[in-house]
Amino acid sequence: MITEIFAYSFLVRAFCVGLFVSVSASLLGVSLVLRRFSMIGDGLSHVGFGALGISALLALQPMIVTIPVVILSAFILLRVSGRNHNGDSAIALISSSALAVGVIAVSTAGVNTDLNSFLFGSILSVSRSDGIVAAVLSLVTILSYLMFYHQIYTTTFDPVFAKATGINTGRYTALLALLTALVIVVGMRILGSLLISSLIIFPAAVAMKLGKTYLSVSVISACEAVVAFVIGFFLSYAFSLPTGASIVVIHMFIFIAASIVKYCRINFATGK
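When the letters of the sequence shown are read in order and numbered with our numbering, they come out as residues 2 to 273.
#1: Taking the beta carbon of residue 269 as the centre, do at least 16 other beta carbons fall within 10 Å, making it buried, or is it exposed?
#2: In angstroms, rounded to a whole number, what distance separates the CA positions of residue 163 and residue 191?
#3: When the distance is taken between beta carbons, is residue 28 closer than 8 Å to residue 146?
#4: Please report the distance separating the alpha-carbon of residue 59 from that of residue 108.
#5: Note down, one range per segment and in chain order, each alpha helix (DSSP H) of at least 4 residues found wholly within the stretch 21–59.
#6: Can residue 184 and residue 52 be called in contact, C-beta distance under 8 Å?
#7: Would residue 95 and residue 44 qualify as a contact pair, given that the criterion is a beta-carbon distance under 8 Å?
#8: Would DSSP call residue 127 helix, strand or coil?
#9: By Cβ distance below 7 Å, which residues in the same chain neighbour residue 37 in space, the five residues on each side in sequence not counted?
#10: Is it buried or exposed, residue 13, if we count other Cβ atoms within 10 angstroms and call 16 or more buried?
#11: Mind listing, in chain order, the continuous alpha helix (DSSP H) runs of no fewer than 4 residues lying wholly within the stretch 167–218?
#12: Taking the beta carbon of residue 262 as the centre, do at least 16 other beta carbons fall within 10 Å, making it buried, or is it exposed?
#13: With respect to the alpha helix (DSSP H) encompassing residue 165, which residues constitute its N-terminal and C-terminal limits?
#14: Classify residue 240 as helix, strand or coil using the three-state DSSP reduction.
#15: Can you tell which of 160, 179 and 79 has the C-alpha that lies nearest to the C-alpha of residue 170?
#16: Closest to residue 24 by CA distance: which of 137, 5, 165 and 47 is it?
#17: Rounded to whole angstroms, what's the CA-CA distance from residue 80 to residue 8? Just pull it up for me.
#18: How long is the line joining the alpha carbons of residue 66 and residue 47, rounded to whole angstroms?
#19: Could you work out which residue in 152, 175, 211 and 177 is closest to residue 165 when comparing CA atoms only?
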């Protein structure tokens, strides 16, 4: 079955794009979850859907509309969440409004627009340009973590201390917002606007149950994302299942297994 999949160029392209985006999203997810910004991924995905709907209505290239809109929204949502205790309410308001606008725009655009591909993704229709963007994005994300590991680590755990040591926290928050927005835009082609946030949240949540340091959590998060994607991708091909949903279900089972491992580890350590 594996050789059969890699015999088709569009399947190879879909596999590579999914792998790149999964790794990028998992690394960003560690910082987002630790800073309690995890719902921003869900909010941005809905904003992205709204932008896609508007681009379909106006007959424009989707990326031309979606990328700037999602990037701008990422900066706004991160700023609101960081300064306002009601940041989660703001995210809910913006995301639900954007989703509603997207549904109306797609419906108005006509029957030629596939609503399901926007909502649930269509990984097999990934183009060559999407593959290039995903590869560049993954490389930028990984290099950003390697180059600015200390700054990201300090900013994630204690922004006040980071400022006191001379770190420009605003700059690294902006970098986080930019990378998150790009991951959301590219990832929507794989999982759709309703499921893309799972690529950010699940790997980090699993890693935080198993890892003890920021570095170990980051590594485990990336590894979990790769394992879940590969298993979900092959299962979806073997049993003709939706690829995005299959990947999320595998993430769910890994999370349950990690929770059991953590529970057993705690009970063993306490002698219960």
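Even glycine gets a Cβ: it sits at the ideal position worked out from N, Cα and C.
In short, the structure shows the following:
#1: Sixteen is the threshold: since fewer than 16 other Cβ atoms of the shown chains lie within 10 Å of the Cβ of residue 269, the residue is exposed.
#2: Distance between the alpha carbons of residue 163 and residue 191 is about 36 Å.
#3: Cβ atoms of residue 146 and residue 28: closer than 8 Å.
#4: When the Cα atoms are used, residue 59 and residue 108 turn out to be separated by approximately 12 Å.
#5: Within the stretch 21–59, the complete alpha helix (DSSP H) runs of at least 4 residues are 40–58.
#6: In this structure, residue 52 does not lie closer than 8 Å to residue 184 by Cβ.
#7: Residue 95 is a Cβ neighbour of residue 44, given a cutoff of 8 Å.
#8: Of the three classes helix, strand and coil, the one that applies to residue 127 here is coil, per DSSP.
#9: So no residue of the chain qualifies.
#10: With a threshold of 16 other beta carbon atoms within 10 Å, residue 13 falls short and is exposed.
#11: Listed in chain order, they are 170–192 and 198–211.
#12: Residue environment: residue 262 is assigned as exposed (fewer than 16 neighbouring CB atoms within 10 Å of its CB, all protein chains considered).
#13: According to the DSSP assignment, residue 165 belongs to the alpha helix (DSSP H) that extends over 160–165.
#14: Helix, per DSSP.
#15: Ranking 160, 179 and 79 by Cα distance to residue 170 puts 160 first.
#16: Looking at 137, 5, 165 and 47, the one whose alpha-carbon comes closest to that of residue 24 is 137.
#17: Each residue's alpha carbon lies about 46 Å from the other.
#18: Near 14 Å, if we compare the C-alpha coordinates of residue 47 and residue 66.
#19: Looking at the Cα atoms, 152 is the closest of the given residues.
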